[in-house]
Amino acid sequence: MLRNLFLTALTSLFLLGNLFATAGPGDDKDKEVKLKTSAICGMCKARIERNLSFEKGVKEATLDVKSKIVTIKYNPNKTDVAKLKANVSKSGYDVDEVLADEKSYAKLPACCKKDAADHVD
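In the working numbering, the protein residues as written are 13 to 133.
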């Protein structure tokens, strides 16, 4: 009886160890993508970063206004690059080959529109 209890406990530990090894954080590695935007100023930066923060799976989004590159860290099990680009487009900005959503672009302040003079706030 003691032997059966020992074997059951040992088997349970082995199975639990395998479960944690296969379902651990290694499977949910975050990815990073860099996307070129049409952002111009600090207001653009704030808007894009804020809107991306509401996207499911986004861990971090940082826009460099000078290069117009937004760097996004995300969970690939919850979102993908196409959804991230759609989010930026719906914010009113071009992103890589995706043009800005027309209605969202029309709502942007004048300083954030593509034909505004480049400036950095």
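Virtual Cβ for every residue (Gly too), placed ideally from N, Cα, C.
Which of helix, strand or coil DSSP assigns to residue 64: Three-state result, residue 64: helix.
Within 7 angstroms, strictly: CB atoms of residue 91 and residue 69: Contact flag set, yes.
Proximal residues to residue 97 (C-beta, below 8 angstroms), its chain only, five neighbours per side dropped: Setting aside the 5 residues that flank it on each side, residue 97 is surrounded in the same chain by 47, 107, 108 and 110, each with a C-beta closer than 8 angstroms to its C-beta; the list follows chain order.
CA-to-CA distance, residue 58 to residue 122, given in whole angstroms: So the two alpha carbons sit approximately 15 angstroms from each other.
Residues near residue 51 in its chain [Cβ-Cβ closer than 8 angstroms; skip 5 each side]: In the same chain as residue 51, and ignoring 5 residues on each side of it, the C-beta atoms closer than 8 angstroms to its own belong to 57, 60, 75, 77, 80, 82, 105 and 124, in chain order.
Reference residue 67; option with closest CA among 44, 99, 54 and 41: Closest option to residue 67, Cα to Cα, is 99.
Own chain, CB closer than 7 angstroms to residue 88, minus 5 neighbours either side, in chain order: Answer for residue 88: 43, listed in chain order.
Nearest-angstrom Cα separation, counted from residue 73 out to residue 64: Answer to the nearest angstrom: the Cα atoms are 7 angstroms apart.
Neighbourhood of residue 116 by C-beta distance below 7 angstroms, restricted to the same chain and skipping five residues each side: Within the same chain, residue 116 has close Cβ partners 102, 103 and 104.
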